[in-house]
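Taken in order, the sequence shown gives residues 547 to 801; the numbers are from the working numbering. As structure tokens, the structure follows; a few thoughts come after it.
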Amino acid sequence: MVTNIKPSKPRPAVGLEIVQNRLLASLLPADRALIEPHLEFVELAQGTSLFEPGDDVTHTYFPSAGTMVSFVLVMRDGRAVEAATIGREGAVGGIVSSGFKPAFARAAVQIPGSALRLGLGQLDEAKQRSATLRDLFSRYADVLLAQVLQSVACNARHSLQERCCRWLLTVHDRVAADQIALTQEALSEMLGVQRTTLTAIARRLQAKGFIQYSRGRILIKDRPGLERESCECYDAVSTHWERVLPEVKPQAVTQ
Ligand SMILES: [Zn+2]
């Protein structure tokens, strides 16, 4: 697990990167002015851990289009399962708490790419100064919690194939591309299943023409097909987003 994150050099223009993250792009001009001077561009490699359980969270990360981070719970026997997926619609770290609180889960980079990050002290200060910024982050915390709560029900009640379809739709929204660069290991970890079990499901979805699966890559070919066979959980979370945070709701961009 890589934990060392360095700002990239040369530093690209932060202003251009802000539009890549829908949460940042939705900021009111006055709120953006509070945050923008403190944003830092970083490149996140696959497998990077932004923080581990117990680590002090020092930064909030805003993934750019194509970058995806998961909250992963690691069991004592080393097995891991994903609790939430965050991409260009959101942010990772210090969302619910303020100040340098310890992390509960691992935040792992599943799909590499760029992100902007902000020191938690700076975010807290900006929140103190702006009620609209506090409101935006509160609403984002609400939809993030909804995603986690729905996953609890989903993992207990729904078939692996339904969950896999839900997961593919969720990722499709977040990476904003039909080609998803993801290994089978990462996908099986996210769904909390053995790789052989996952391979069987992926073959079935490929036979239906929904996806095309090759080494380390998934191509979404038939999104409506995935929507039909997904459990209700994708829609449930999506509808909540629409009501609570419509300006940032994740949505697929088909190329
Ligand atoms: Zn479900």
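Backbone N, C-alpha and C fix where the C-beta goes; we use that ideal spot for every residue, glycine too.
- [ ] Go through its chain and collect everything with a Cβ distance to ARG712's Cβ below 6 Å, but skip five positions before and after it.
- [x] Residue 712 sits at position 166 when you count from the first residue of the sequence shown. Counting only Cβ-Cβ distances below 6 Å, and skipping sequence neighbours, we find SER776, CYS777, CYS779, TYR780.
Task: Closest by C-alpha distance to ILE803, when choosing among ALA687, TYR759, PRO583, ILE747 - done: Residue 803 cannot be examined here, being either before or after the span of the chain that is shown, 547 to 801.
Task: VAL694 classed as buried or exposed, judged by whether at least 16 other C-beta atoms fall within 10 angstroms - done: Stepping through the sequence shown from its first residue, residue 694 is reached at position 148. That one is exposed.
- [ ] Would you mind giving the Cβ-Cβ distance between SER610 and ARG634, rounded to the nearest angstrom? I have them listed as a contact below 8 Å.
- [x] Start at 1 with the first residue of the sequence shown, and residue 610 comes out as number 64. Start at 1 with the first residue of the sequence shown, and residue 634 comes out as number 88. So it is a contact: roughly 6 Å between Cβ atoms.
- [ ] Would you check if the segment 667-678 and the segment 569-586 touch, i.e. whether three or more CB-CB distances between them fall below 8 Å?
- [x] yes
- [ ] Within the segment 638-689, note down every full beta strand (DSSP E) run reaching 3 residues or more, in order along the chain.
- [x] 652-657, 659-665
Task: Coarse secondary structure for VAL620, derived from DSSP in three states - done: To locate residue 620, count along the sequence shown from 1; it is residue 74. In this structure, VAL620 counts as strand in the three-state DSSP scheme.
Task: Pocket of ligand 1 (residues with CB nearer than 6 Å to any heavy atom), chain order - done: CYS700, HIS704, GLU708, ARG709, ARG712, CYS777, CYS779
Task: ILE764 and ILE726 closer than 7 Å at C-beta - done: As a working note, residue 764 is residue 218 in the sequence shown. As a working note, residue 726 is residue 180 in the sequence shown. Yes. Within cutoff.
TODO: Please classify SER595: does DSSP put it in a helix, a strand, or coil?
DONE: As a position in the sequence shown, residue 595 is number 49, starting the count at 1. Reduced to three states, the DSSP call for SER595 is strand.
Open item on the list: Can you find the residues in the same chain that come closer than 7 Å, C-beta to C-beta, to ILE747, ignoring five residues on each side of it along the sequence?
Closed with: Within the sequence shown, residue 747 is the residue found at index 201, counting from 1. Take ILE747, set aside five residues on each side of it, and the residues of its chain with a beta-carbon closer than 7 Å to its own are LEU706, GLN707, CYS710, in chain order.
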